[in-house]
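What follows is one structure encoded as structure tokens, with my remarks underneath.
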Amino acid sequence: MKKLLFLILFSTCFFVSAQVKFSAVTEKNAYALNENIQLSFEMNVDADNFQLPRIDGFKVEGPFLMMQNYNINGRRGFLKTYKYFLTPKKMGDFTINEAQIEFGGKVYKSDPIKLKITKAVAQPQRNQQQNQYYDPFDDPFFNQMPNQRQAQPNYGEGVFIVADIDNKSPMVNQPIKVVYKIYFDPRIQIGNISNIKKPKYNGYWSQFFDANRPAVEAQYKGKIYAMAVLGSAILYPQEAGNKPIEPFAFTADVEAISGRDMFGRPVYTTSARNFSSGTQNINVRELPTTSKPIAFSGAVGNFDFKVSASKTEIKGGESLDLVVSVSGKGNLKLFSLPKPEVPNALELYDPAHKETIETPMTGMSGFVSDTYTIVPQYKGSYVIKPMEFAYFDLKSKSYKTITSKPIVINVLEGPEYIADAKTNKKTGKKEKEKSFAANAKTGVYVTVQSSDFLGSNAFYLGLFLPVLLIPVFVLYKNKRDANAADFVGNRRKQSNRLVKKYLSEAKKQLKNKEQFYVALEKAMHNFLKAKLSIETTEMNKETIKNILLSQNIEDTLVSEFIEITENCELARYAPATQVSIQQDFDTAIRIVSDLDKKLKS
0 MKKLLFLILF STCFFVSAQV KFSAVTEKNA YALNENIQLS FEMNVDADNF QLPRIDGFKV
60 EGPFLMMQNY NINGRRGFLK TYKYFLTPKK MGDFTINEAQ IEFGGKVYKS DPIKLKITKA
120 VAQPQRNQQQ NQYYDPFDDP FFNQMPNQRQ AQPNYGEGVF IVADIDNKSP MVNQPIKVVY
180 KIYFDPRIQI GNISNIKKPK YNGYWSQFFD ANRPAVEAQY KGKIYAMAVL GSAILYPQEA
240 GNKPIEPFAF TADVEAISGR DMFGRPVYTT SARNFSSGTQ NINVRELPTT SKPIAFSGAV
300 GNFDFKVSAS KTEIKGGESL DLVVSVSGKG NLKLFSLPKP EVPNALELYD PAHKETIETP
360 MTGMSGFVSD TYTIVPQYKG SYVIKPMEFA YFDLKSKSYK TITSKPIVIN VLEGPEYIAD
420 AKTNKKTGKK EKEKSFAANA KTGVYVTVQS SDFLGSNAFY LGLFLPVLLI PVFVLYKNKR
480 DANAADFVGN RRKQSNRLVK KYLSEAKKQL KNKEQFYVAL EKAMHNFLKA KLSIETTEMN
540 KETIKNILLS QNIEDTLVSE FIEITENCEL ARYAPATQVS IQQDFDTAIR IVSDLDKKLK
600 S
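Below, the structure is given as structure tokens:
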């Protein structure tokens with residue numbers, strides 16, 4: 000019977016100790032309108048799916064999540080707290096309904112809390128006794144110690160993290176600043192920070208900044224805390240909708256006052272605690288759809304747009320650079336630059352992209368540019384059409400468009416560009432012939448007085464000089480036609496020049512990974528253009544492989560060529576060391592040299 004009674008008592012004690020406790024706590028139930036309220040939801044288990052009730056009549060800030068494992072006299076325990084700060088908006092009686100959690104497949108609810116908000120009151124003055132001299136021998140039983148403690152500054156209690164966000168309702172690609180701060184009672188110590196978990200910022204372009212600054216005194220909700228900045232981030236939301244920011248969390252040892260000894264001296268206890276800033280909800284708004292320009296490609300900020308040519312008069316076989324650039328402040332890394340449209344007589348090569356962008360906490364600023372190499376094929380004057388760049392201006396909340404001026408390129412030498420004459424669909428006659436026929440019917444003819452030119456010196460000079468110059472003209476024309484007809488040869492020469500140009504550029508950019516691989520890739524492509532006479536659009540893995548193998552190139556050399564071109568694409572976005580960059584450059588030089596010897600020029 001005694002054993003049975005013992006088992007019943009033991010089981011009852013175990014059941015009580017294992018019970019889930021979940022409660023809502025405030026310091027009191029009546030507050031003045033100008034007082035701040037600390038509302039805490041405490042549980043003794045690590046429950047999930049915490050749901051805060053709707054709280055009307057108050058400005059709510061939080062949650063501030065704290066978790067603590069403690070050991071008091073050998074008894075272990077766990078405490079998880081969701082803390083909120085409430086600021087009353089009006090007087091009256093209010094009820095904070097039950098919150099709920101889930102644990103072990105069950106739902107647990109807290110009890111409702113009734114709060115009474117009265118009119119604002121004057122803040123009490125601090126006790127002036129703190130400046131008086133205190134003699135412990137005049138107070139052997141420490142009766143005055145509580146008064147002395149009350150006279151201390153209005154310190155805040157506990158430890159919590161705040162995610163300070165400057166804008167919780169931004170537009171797409173409007174920058175958001177997030178600063179993570181830890182507030183704690185100045186009378187406690189925090190150390191041994193570990194298990195730091197930084198947010199992943201899904202749905203945002205982000206740049207995180209670590210902080211290593213000492214704590215300073217700061218006020219929060221009218222109380223004095225020690226505050227330290229843990230880190231900060233600049234975010235650019237990429238799509239509209241509810242885009243939550245994950246918590247910033249870590250574990251730290253907290254040394255706090257747990258009591259006082261018989262002499263009134265504080266007794267400290269150290270415990271490991273988990274801290275989290277909590278999930279922050281951000282409502283990202285769409286950019287206006289009305290009046291959105293066709294040229295808009297996602298640029299948000301304040302920008303300047305320029306298009307310039309390195310030269311506007313060139314000779315046949317030469318090349319020029321067309322630079323398209325955007326500078327200013329905004330999401331410079333997150334939009335594409337407009338592409339130029341050039342006449343068919345100008346060959347446009349893929350651009351070399353360049354970025355000089357700084358990303359401090361104030362947001363991106365700098366410039367981006369695309370540099371196109373243009374090679375004219377024929378003599379003549381050609382116009383590069385005006386280009387448009389559109390962006391959304393955050394200050395005026397409107398779209399703005401910048402249009403460049405047309406650029407005229409004069410090609411002084413080279414073969415003539417022959418365009419198809421326009422034909423009238425009804426008559427089948429060329430427009431020029433129709434125009435002449437119309438003029439023949441309506442024109443006015445005037446008789447011209449003739450002179451005695453026949454038999455003069457000018458007559459004989461004009462008669463025999465062309466005959467004498469015929470051989471000279473024939474030789475010149477044959478030479479010019481031969482050069483003009485050798486279109487493949489001209490392109491091969493130009494491609495060879497571009498190979499040397501881009502290899503030289505790659506060598507200069509050995510310390511700049513992205514620019515190095517862009518230049519190296521262009522060098523490899525232009526080498527194929529020179530040796531195999533293929534277009535950029537035909538340059539894919541299978542086509543290159545088949546053409547090289549058809550030229551009796553060894554499989555090993557073909558594989559190396561394809562591998563180095565693939566590396567150029569992948570290495571721009573993957574980590575690369577200075578050693579690997581130098582190795583890729585040396586390998587490319589060797590491959591180009593080997594292929595040059597084996598391919599027919």
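So in numbering that gives the first Met the number 0, spot 29 of the sequence shown is number 28, and the numbers just go up one at a time.
All residues carry an ideal CB built from backbone N, CA and C; glycine is no exception.
These figures come from a predicted structure and were not determined experimentally.
Listed in chain order, the non-local C-beta contacts of residue 101 below 7 Å within the same chain comprise 46, 47 and 48, local neighbours out to five positions each way being set aside.
A check of alpha carbon separations from residue 165 across 96, 354 and 175 identifies 175 as the nearest. By the Cβ criterion, the segment 367 to 375 is in contact with the segment 335 to 347, since at least three pairs of Cβ atoms, one from each stretch, lie closer than 8 Å. Rounded to whole angstroms, the gap between the alpha carbons of residue 362 and residue 325 is 16 Å. Beta-bridge pairing by DSSP links residue 119 to no other residue. The bridge partners DSSP lists for residue 218 are 223.
In the structure shown, the three-state DSSP call for residue 531 is helix. Judged by DSSP secondary structure, residue 548 falls within the alpha helix (DSSP H) whose first and last residues are 540 to 549. In the structure shown, residue 53 falls within a coil segment according to DSSP collapsed to helix, strand and coil. Under DSSP, residue 178 shares a beta bridge with 163 and 231. For residue 508, the number of other beta carbons within 10 angstroms of its own is at least 16, and it is reported as buried. In chain order, 52 and 111 place their CB closer than 6 Å to the CB of residue 96, counting only its own chain and leaving out the 5 sequence neighbours on each side.
In the pairwise beta carbon analysis, the segment 29 to 45 is classified as not touching the segment 240 to 252: fewer than three pairs are separated by under 8 Å. Here residue 375 carries a strand assignment [DSSP, helix/strand/coil]. With contact defined as three or more Cβ pairs closer than 8 Å, the segment 308 to 328 and the segment 227 to 237 are not in contact. Here the segment 293 to 307 lies against the segment 382 to 396, with 3 or more beta-carbon pairs under 8 Å apart.
Put simply, the backbone Cα of residue 99 is about 32 Å away from that of residue 227.
The three-state secondary structure of residue 507, taken from DSSP, is helix. No Cβ-Cβ contact shorter than 8 Å links residue 320 with residue 400. In this structure, DSSP gives residue 461 a helical state, which the three-state scheme calls helix.
Residue 255 places its beta carbon 8 Å or farther from that of residue 160. Residue 559: member of the alpha helix (DSSP H) spanning 554 to 569, first to last residue.
Here residue 402 really is in contact with residue 387; their C-beta atoms are around 5 Å apart, less than 8 Å. No Cβ-Cβ contact shorter than 8 Å links residue 563 with residue 542. Proximity to residue 383 across 199, 525, 286 and 306 peaks at 306, based on C-alpha coordinates. By the Cβ-count criterion, residue 172 is buried, with 16 or more other Cβ atoms from all chains shown falling within 10 Å of its own Cβ. Assigned with DSSP and collapsed to three states, residue 287 falls in coil, not helix or strand. When the Cα atoms are used, residue 523 and residue 549 turn out to be separated by approximately 19 Å. Take residue 505, set aside five residues on each side of it, and the residues of its chain with a beta-carbon closer than 7 Å to its own are 515, 518, 519, 522 and 584, in chain order. If you draw a straight line from the Cα of residue 366 to the Cα of residue 354, it is about 6 Å long.
Taken in chain order, the whole beta strand (DSSP E) runs of length 3 or more contained in the segment 72 to 119 are 74 to 87, 91 to 95, 99 to 102, 105 to 108 and 112 to 117. From the listed residues 415, 153 and 177, the smallest Cα separation to residue 220 is found for 153. Rounded to the nearest whole angstrom, the C-alpha separation of residue 36 and residue 84 is 6 Å. In this structure, residue 65 places its C-beta atom within 8 Å of the C-beta atom of residue 82.
Taking the C-beta atoms as reference points, residue 294 is found no nearer than 8 Å to residue 350. Taking 8 Å as the cut-off, the beta carbon of residue 317 is found no closer than this to the beta carbon of residue 378.
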